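S.K.: Provided herewith is a single structure, encoded as structure tokens, for subsequent inquiry.
Protein chains in written order, with our numbering: chain Y, 5 to 428; chain R, 5 to 428.
This is the structure we're talking about:
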């Protein structure tokens, strides 16, 4: 281990979560306490903030505000969907980032995000090495999608599952009370390519009466005929029906069963923006099953629901941030901190490290055996996996007005030193 | 006051709320403790359960389950949208109900619902009087829509506002973090004819930075041109935009700006089922304002969100149930219990009584002065009105699995005595 004294940049990327700020708090508190990192800079809006030299000094925030990040949802540093491509195609951006890092003696870079962010961090570390600039780059996993490889699960996932599970319990009781009028309900969850989130709502079903009665995930090809038969079977048994469906359902050919036709139908990464699965299934239930169907789409509400977030998830999010700093101080670079499950019950975890490049290029689908043979509900194996992740509630600080107090950072921007605002 | 000894029926009607079961608990506990009411029957699925003689004995439920109703969302007795018309048009139904009441010596009827339910209860009381059957009929207000006349507010409203306000705070932070990619967000709330619910989310805005930045209600005619200008002004100021819109927005001619085209586009009452306002506004934001827009539609999740329900709302819901029983025991009939505000700060209320017929035929719009001149956000007057209603959180009983335990009644159905199942 060689000691490296220099400043740090911490950045958040991609879709926010209820606990991404807990990871930032872990990084900031560990870095400020280290003795080797004089300044911890926040990048405003992820890697964009580095490219644009929009950095703020987190050491100038109130300590209470940093601690308050642990009960504040979304990305307090600002996030982005700015995509860097290969070193060849985005070389100007990567060089620009190193230019900014050099200007501010940044020797540590902590990037909290999903696989696109791990890719960016990885390539940045490679270029730094090539150019002889000593930089330690660590990735910190974050995604409600839970689709990163190498880690047992991703911070953010437990909280979205806890919130959606209670929501399904509650909306399920609505369908149960009003089945003579509104006989069926569809709830659409996030999950573009994987069914982890939708499957997680299966925890809401403690008895066969409970919602959800049917769960559809992208890993199981969707057929209208199968769906209609599934619905009919549940209606026969219970006289009501509550369905959870991931936004990214695909048919036997692997095509999305519905796509958004709006003016911004693809995001900056070229991902197609999905939506409309709930309305699509509602139409099938009404037209082909023949009962009235309501539909709910929680959208961005689900990934920021701090008011019912998982304490365990939040604590783990903090932990991976803290460990990233500790590992970097010990000389590690080019790694993402992982969560390694030792046991389901009692639930115990430790942390590990994975190569950024491996995480960047992988995607972890929901294992087929986590769904039943019909592909319409979760198995006991999925229950054992997901249940420990939703334990406890993050304590809120409530205002006198009956709503939580979430912090907002002061963001004391530092003086730019490079004289320009972008790459090239 | 004349003493009347006989059984009671309690029923729940219309869309469930987080606290309609608290009202049921208030009725059941007060009635069972009264000494004058030997049996308290629950009607399975509102008035339908009476017509079909589907009654269960609430005295046979565990006392803990009855108490547990206070932390259980939705309608535990079952609800319905079964609409009785005038005494002339629905006479067979009304006579059938009295037949069932006579068969089980039911002398007290407590109906928890909105104005349609108050209408049913009122007419039932009138027919009982005409036929010389001594029956005391009391209405208990319930609606998230908050549109009943004569009462300061309706149980159920405070809880939906508290939940939606925290949700707007949280999803608003998402837009704030990711504005460089997802610049705008629309959240659609319930509210077919009135803007109480949408306006309530204004409480989430503590500073001008906070969501929601724009609120649209049915009481203010919607114009696309005005909306585009409103959006542009917010974007100019903040670079991001969070919009709340009620589902029942109408244009200058009073026409809904969007309607659901599904197979079940009207409900049993002939109300058009709305939906799609969020998608409609999203399309305008993308096409005419020119920024990417996300949208969220919480649907039935919002009215059952016990996991962040208002303690004050729940306590008041219990109170109106309890007072309905006390008033009926004292000889009152044909009345709905109201909440009468004595002061905003400190918030104090008492209860009153209103004629069922008056409540049945009224609808209370959001006063225009509760919205600003532009009709795009709430005023201080609205804030003073709504803020006290969201105080405190209903304590949950959490299971070992990280989710709340909501009760389900055993429903010990009593033996039918009339030998048939419906009217006529």
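Ideal Cβ placement from N, Cα and C applies to all residues, glycine included. None of these values were measured; they are calculated from a predicted model.
Along chain Y, which residues have their Cβ under 7 Å away from the Cβ of residue 301 of chain R?
M.R.: Simply 300 and 301.
S.K.: Bridge partners of residue 299 of chain R, per DSSP?
M.R.: In the DSSP output, where bridge partners are listed per residue, residue 299 of chain R has R:190.
S.K.: What is the DSSP secondary structure of residue 358 of chain R, counted as helix, strand or coil?
M.R.: In this structure, residue 358 of chain R counts as strand in the three-state DSSP scheme.
S.K.: In angstroms with no decimal places, state the Cα-to-Cα distance between residue 415 of chain Y and residue 58 of chain Y.
M.R.: Rounded to whole angstroms, residue 415 of chain Y to residue 58 of chain Y spans 10 Å at the Cα level.
S.K.: Give, in chain order, every residue of the stretch 50-70 of chain Y whose Cβ lies closer than 7 Å to some Cβ of chain R.
M.R.: Per Cβ criterion, the list reads 52.
S.K.: Could you check whether the stretch 309-328 of chain Y touches the stretch 157-169 of chain Y, counting it as contact only if at least three pairs of C-beta atoms, one from each stretch, sit closer than 8 Å?
M.R.: Result yes; three or more Cβ-Cβ pairs closer than 8 Å.
S.K.: I'd like to confirm the pairing. Which residues does DSSP put opposite residue 365 of chain Y in its beta bridges?
M.R.: In DSSP, residue 365 of chain Y forms no bridge with anything.
S.K.: Along the chain, where does the beta strand (DSSP E) containing residue 2 of chain R start, and where does it finish?
M.R.: Look at the range of chain R in this structure, 5 to 428, and you will see that residue 2 of chain R is not part of it.
S.K.: What in chain R is Cβ-close to residue 170 of chain Y, meaning under 8 Å?
M.R.: Near residue 170 of chain Y (Cβ distances below 8 Å), the residues of chain R are 311, 407 and 408.
S.K.: Which complete beta strand (DSSP E) runs does the stretch 383-411 of chain R hold, if anything under 3 residues is left out?
M.R.: List check, beta strand (DSSP E) in window: nothing returned.
S.K.: Chain Y beta carbons: is any one of them nearer than 8 Å to that of residue 308 of chain R?
M.R.: At least one chain Y Cβ lies under 8 Å of residue 308 of chain R.
S.K.: Check whether the stretch 14-29 of chain Y and the stretch 132-149 of chain Y are in contact - that is, three or more C-beta pairs closer than 8 Å.
M.R.: Yes, the stretch 14-29 of chain Y is in contact with the stretch 132-149 of chain Y.
S.K.: Do residue 407 of chain R and residue 309 of chain Y come within 8 Å of each other at the CB atom, strictly closer than that value?
M.R.: For residue 309 of chain Y and residue 407 of chain R, no; Cβs fall outside 8 Å.
S.K.: When the distance is taken between beta carbons, is residue 242 of chain Y closer than 8 Å to residue 213 of chain Y?
M.R.: Yes; because the gap between Cβ atoms is below 8 Å, this pair is in contact.
S.K.: Given residue 77 of chain Y, which residues of its chain have a CB within under 6 Å of its CB, disregarding the five upstream and five downstream residues?
M.R.: These residues qualify, in order along the chain: 22, 308 and 310.
S.K.: Can you find at least 3 beta carbon pairs, one from the stretch 379-394 of chain R and one from the stretch 205-212 of chain R, that sit closer than 8 Å?
M.R.: Short answer: they touch.
S.K.: Let me know the secondary structure DSSP gives residue 318 of chain R once reduced to three states.
M.R.: Residue 318 of chain R falls in the helix class under three-state DSSP.
S.K.: Closer than 8 Å by beta-carbon distance: list the chain R residues that pair up with residue 350 of chain Y, in chain order.
M.R.: Per Cβ cutoff of 8 Å: no residues; residue 350 of chain Y is ~12 Å from chain R at best.
S.K.: Based on Cα-Cα distance, which residue from R:250, R:198 and R:293 lies nearest to residue 233 of chain R?
M.R.: Among R:250, R:198 and R:293, the Cα nearest to that of residue 233 of chain R belongs to R:293.
S.K.: For chain R, check one thing: does any of its Cβ atoms lie closer than 8 Å to the Cβ of residue 178 of chain Y?
M.R.: It does: the Cβ of residue 178 of chain Y has a partner Cβ on chain R nearer than 8 Å.
S.K.: Report the partner residues of residue 117 of chain Y according to the DSSP bridge assignment.
M.R.: DSSP, once it has assigned bridges, lists Y:145 as partnering residue 117 of chain Y.
S.K.: Quick check on the burial criterion: 16 or more other C-beta atoms within 10 angstroms. Buried or exposed for residue 340 of chain R?
M.R.: With 16 or more Cβ atoms within 10 Å of its Cβ, residue 340 of chain R is classed as buried.
S.K.: Specify whether the stretch 105-124 of chain Y and the stretch 40-59 of chain Y touch according to this definition: at least 3 beta carbon pairs, one from each stretch, less than 8 Å apart.
M.R.: Touching, per the Cβ criterion.
S.K.: Taking all protein chains shown into account, decide if residue 240 of chain R is buried (16 or more other Cβ within 10 angstroms of its Cβ) or exposed.
M.R.: Residue 240 of chain R should be labelled exposed.
S.K.: Could you tell me whether the Cβ atoms of residue 427 of chain Y and residue 97 of chain Y are closer together than 8 Å?
M.R.: Taking 8 Å as the Cβ cut-off, residue 427 of chain Y and residue 97 of chain Y qualify as a contacting pair.
S.K.: Since residue 347 of chain R sits in a beta bridge, which residues does DSSP pair it with?
M.R.: Answer by DSSP bridge pairing, in chain order: R:352.
S.K.: Tell me which same chain residues have a C-beta within less than 6 Å of the C-beta of residue 327 of chain R, skipping the five on either side of it?
M.R.: Same-chain partners within the cutoff: 341 and 355.
S.K.: Counting only beta-carbon atoms, is residue 386 of chain R nearer than 8 Å to chain Y?
M.R.: Not one chain Y Cβ lies under 8 Å of residue 386 of chain R.
S.K.: Considering only residues of the same chain and omitting the five flanking positions on each side of residue 346 of chain Y, which have a CB-CB separation below 7 Å?
M.R.: Excluding positions up to five away in sequence, the list reads 352, 353 and 354.
S.K.: What does residue 84 of chain Y reach in chain R if we use C-beta pairs closer than 8 Å?
M.R.: Residues of chain R passing the Cβ test: 182, 184 and 185.
S.K.: Listing by chain order, which chain Y residues have their CB less than 9 Å from the CB of residue 207 of chain R?
M.R.: By Cβ distance, chain Y contributes 405, 406 and 407.
S.K.: Taking the runs of the alpha helix (DSSP H) that are 4 residues or longer, which of them lie wholly in the stretch 63-124 of chain Y?
M.R.: Counting only runs of 4 or more, we get 67-72 and 95-107.
S.K.: Please determine if the stretch 356-364 of chain R and the stretch 149-157 of chain R are in contact, where contact requires at least 3 C-beta pairs separated by less than 8 Å.
M.R.: Taking 8 Å as the limit for Cβ pairs, the verdict is that the stretch 149-157 of chain R does touch the stretch 356-364 of chain R.
S.K.: Got a sec? Which residues, its chain only, sit under 6 Å from residue 94 of chain Y by beta carbon, not counting five neighbours each side?
M.R.: Closer than 6 Å at the Cβ level, and outside the excluded window around residue 94 of chain Y, lie 88.
S.K.: With DSSP collapsed to three states, give me the class of residue 44 of chain R.
M.R.: In the structure shown, residue 44 of chain R sits in a strand (DSSP, three-state: E or B).
S.K.: Taking just the CA atoms, how far does residue 73 of chain R sit from residue 255 of chain R?
M.R.: In a straight line, the C-alpha of residue 255 of chain R is about 41 Å away from that of residue 73 of chain R.
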